[in-house]
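**Student:** Just so you know, the sequence shown maps onto residues 1 to 519 in the UniProt record's numbering.
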Amino acid sequence: MTDNKQVAVLVPTTVLAYQHYQTFKERLKDLPCKVDYLSRARTATQTRSVIKGLKEGTVNVLIGTHRILGKDVQFKDLGLLVIDEEQKFGVSVKEKLRQLKVNVDTLTMTATPIPRTLQFSLLGARDLSVISTPPPNRYPIQTELHTFNEEVITDAINFEMSRNGQVFLVNNRISNLPELKAMIQRRIPDCRIVIGHGQMEPAQLEQVILDFVNYDYDVLIATTIIESGIDIPNANTIIINQAHNFGLSDLHQMRGRVGRSNKKAFCYLLAPPLPSLTPEARRRLQAIENFSDLGSGIHIAMQDLDIRGAGNMLGAEQSGFIADLGYETYQKILTEAVRELKTDEFAELYADEVMSDGKISGEQFVDECMVESDLELLLPANYVTGSSERMLLYRELDSLNLDKEVMAFRGRLEDRFGPIPPETEELLRIVPLKRLAARLGAEKVFLKAGRMTLFFVSNPDSPFFQSTAFGKVIAYMMAYTRRCELREPNGKRSMVIKSVENVETAVSVLQEMIAMEEK
Numbered sequence: 001m002t003d004n005k006q007v008a009v010l011v012p013t014t015v016l017a018y019q020h021y022q023t024f025k026e027r028l029k030d031l032p033c034k035v036d037y038l039s040r041a042r043t044a045t046q047t048r049s050v051i052k053g054l055k056e057g058t059v060n061v062l063i064g065t066h067r068i069l070g071k072d073v074q075f076k077d078l079g080l081l082v083i084d085e086e087q088k089f090g091v092s093v094k095e096k097l098r099q100l101k102v103n104v105d106t107l108t109m110t111a112t113p114i115p116r117t118l119q120f121s122l123l124g125a126r127d128l129s130v131i132s133t134p135p136p137n138r139y140p141i142q143t144e145l146h147t148f149n150e151e152v153i154t155d156a157i158n159f160e161m162s163r164n165g166q167v168f169l170v171n172n173r174i175s176n177l178p179e180l181k182a183m184i185q186r187r188i189p190d191c192r193i194v195i196g197h198g199q200m201e202p203a204q205l206e207q208v209i210l211d212f213v214n215y216d217y218d219v220l221i222a223t224t225i226i227e228s229g230i231d232i233p234n235a236n237t238i239i240i241n242q243a244h245n246f247g248l249s250d251l252h253q254m255r256g257r258v259g260r261s262n263k264k265a266f267c268y269l270l271a272p273p274l275p276s277l278t279p280e281a282r283r284r285l286q287a288i289e290n291f292s293d294l295g296s297g298i299h300i301a302m303q304d305l306d307i308r309g310a311g312n313m314l315g316a317e318q319s320g321f322i323a324d325l326g327y328e329t330y331q332k333i334l335t336e337a338v339r340e341l342k343t344d345e346f347a348e349l350y351a352d353e354v355m356s357d358g359k360i361s362g363e364q365f366v367d368e369c370m371v372e373s374d375l376e377l378l379l380p381a382n383y384v385t386g387s388s389e390r391m392l393l394y395r396e397l398d399s400l401n402l403d404k405e406v407m408a409f410r411g412r413l414e415d416r417f418g419p420i421p422p423e424t425e426e427l428l429r430i431v432p433l434k435r436l437a438a439r440l441g442a443e444k445v446f447l448k449a450g451r452m453t454l455f456f457v458s459n460p461d462s463p464f465f466q467s468t469a470f471g472k473v474i475a476y477m478m479a480y481t482r483r484c485e486l487r488e489p490n491g492k493r494s495m496v497i498k499s500v501e502n503v504e505t506a507v508s509v510l511q512e513m514i515a516m517e518e519k
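#1: Since D231 and I193 are thought to touch, with beta carbons under 8 Å apart, how far apart are those beta carbons, to the nearest angstrom?
#2: Could you compute how far the alpha carbon of V73 sits from the alpha carbon of P189?
#3: Quick one: what's got a C-beta closer than 7 Å to D36's C-beta in the same chain, skipping five residues either side?
#4: Hey, residue 536 and T223 are a contact pair by Cβ (cut 8 Å); roughly how many whole angstroms apart?
#5: Could I get the ranges of all uninterrupted alpha helix (DSSP H) runs contained in the region 391 to 470, with 4 residues as the minimum, in chain order?
#6: Taking 8 Å as the limit between beta carbons, can you name the residues of its chain near C191, skipping five residues before and five after?
#7: For N158, report the span of its alpha helix (DSSP H) as first-last.
#8: With H, G and I counted as helix, E and B as strand and the rest as coil, what does DSSP make of T106?
#9: Threshold first: 4 residues or longer. Then list the alpha helix (DSSP H) segments lying entirely within the region 35 to 76, N to C.
#10: Taking G441 as the reference, which of L433, R451, K448 has the closest Cα?
#11: When the Cα atoms are used, what is the spatial distance from L205 to P12?
#12: Could you tell me the alpha carbon to alpha carbon distance between E289 and R282, rounded to whole angstroms?
#13: So, for L180: in the same chain, excluding its five sequence neighbours on each side, which residues have a beta-carbon less than 8 Å away from its beta-carbon?
#14: Specify the secondary structure class of K519 as computed by DSSP and reduced to three states.
#15: Put S373 into one of helix, strand or coil per three-state DSSP.
#16: Between which residues of its own chain and K5 is the CB-CB distance below 8 Å, once the five residues before and five after are set aside?
#17: Beta strand (DSSP E) containing N236: first to last residue?
#18: Specify whether the region 372 to 380 and the region 415 to 425 touch according to this definition: at least 3 beta carbon pairs, one from each stretch, less than 8 Å apart.
#19: Name the DSSP bridge partner or partners of I193?
#20: How big is the Cα-Cα spacing for A271 and G196?
#21: Do L269 and A243 have their C-beta atoms within less than 7 Å of each other?
#22: How many Å lie between R435 and L400 at the Cα?
#23: Are N262 and N149 touching if we call contact CB-CB under 7 Å?
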């Protein structure tokens, strides 16, 4: 705002929009700025006034629901977009706001990032900050998993009422809410109960929430409308019925409605017996029960990423696995695409990360090098008899990078299968070969007919060819002109080195090439 820019805060519900409006207005009351909000709760006259102020620049901070995405809402100079409860919005909604202005700064806030957003951060496409320190005098929420039991429900409500607290009971089927109310009323006659759900009139629902906030009721039986924007410090017990039908982030968000004061809070998850549930449902419930410490939202999000998959980085799916392409290949393509954008199209934005030779700080030009050879490099069937076991060992070997990791792998092979045969020894030497070749910018290495061919970065305009790594390759070629030959068919550079009879020799050549700069 000090740079004469405007701020937009996008929230999922009208209740949360109004709460944020009150908070922002209180916090910024001593500053020369105007805070306003848009939602369906505002009148037509109020809405027109806010939209006019936005266009003229007199409204500095706008808080709103999807209403701020309307075609009639125009910002004079949007500088910052804040998305609260980000997991509640689809990709199209978030991208529509960002398209209002090129390079608008975006801050997304959530207790449990959706898999796609978390994966963007893990890839390096977005920065990630974790607030792991809770407010003072807060306690972890005690989370318990039970089958549906009237005794559990009444005991939880009685305990909360005994300390003058309040209870949320979440049930996502509106038709069942009156039955639950009747059951509690029968077992606890003096309990004051109210029902709230999204099909009620907005004014009626708002009155229900306000009455509950004012302690006119002991128990609020509701659907997931309480998930966002409800801040009631006196409510410190939540009971979630049919918990197996909710997503992991939904469960964490609902659990976060309690434990907002200095009292010990409780969360009861009611679900059928675990053996009758799907594997994914079991993992969700076990994760939410295990990760109950304060600040554990990021761990729950990682579990969610593992359970649901990262989704489509190039499309709108915010979860799901890449079944056809393969996750590892997909990850590699994305990493390369992110690097290319940072060094080319958005070079100015990432100038502090791009080094003088065009590399991203902390990275090399090639992540993984592929090796093809006519040598015998394998785990023989008479050494490791099971085909599935051999496949697992190949995958493990492919993931190794450090020499100490290879030594540990070698030790495990000897312990399990006995002395290592020669063809497996050669296979183990492939790991340092791939690592050294990648450092020199080789995407592929061919070891055939007593020769080693290095195929360098395929993009002829890559900054690799002005880097010190390629300088070492040229220096080695100049030192061994009779042994080496540089080729450039179709603009793709490669180097052939003669008299390389085995992997051990190939590793020695690459080690010498890397050391050329020191000579």
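The beta-carbon is built from N, C-alpha and C at its ideal position, and this holds for glycine as well.
**Tutor:** Per the coordinate set shown:
#1: That belief does not hold up - the Cβ atoms of D231 and I193 are roughly 21 Å apart, past 8 Å.
#2: Straight-line Cα distance between these residues: approximately 51 Å.
#3: Excluding sequence neighbours, D36 sits near V50, G53, V59, L62.
#4: No statement about residue 536 is possible, as the shown extent of the chain runs from 1 to 519 and does not include it.
#5: Secondary structure within the region 391 to 470: the alpha helix (DSSP H) runs of 4 or more consecutive residues, fully enclosed, are 403 to 417, 422 to 439 (chain order).
#6: Only I157, M161, I184, Q185, D218, V219 meet the Cβ criterion.
#7: Membership of N158 in the alpha helix (DSSP H) is indicated by the continuous run 150 to 162.
#8: Strand at T106.
#9: Complete alpha helix (DSSP H) runs here, min 4: 44 to 56.
#10: Among L433, R451, K448, the Cα nearest to that of G441 belongs to L433.
#11: Going from the Cα of L205 to the Cα of P12 covers about 16 Å.
#12: Straight across, the Cα-Cα distance linking E289 with R282 is about 11 Å.
#13: Here the set comprises L169, N171, I221, N241.
#14: Residue confidence for K519 is low, a pLDDT of 46 falling below 50, so the modelled location carries little weight and cannot support an answer.
#15: DSSP places S373 in strand when its eight states are reduced to three.
#16: Correct list, in chain order: D77, L78, G79, L80.
#17: Taken as a continuous stretch (DSSP letters only), the beta strand (DSSP E) holding N236 covers 235 to 240.
#18: The answer is yes - the region 415 to 425 touches the region 372 to 380, with three or more Cβ pairs under 8 Å.
#19: For I193, which the question treats as bridged, DSSP gives the partners V219.
#20: About 22 Å.
#21: Cβ atoms of L269 and A243: closer than 7 Å.
#22: Taking the straight line joining both Cα atoms gives about 10 Å.
#23: No.
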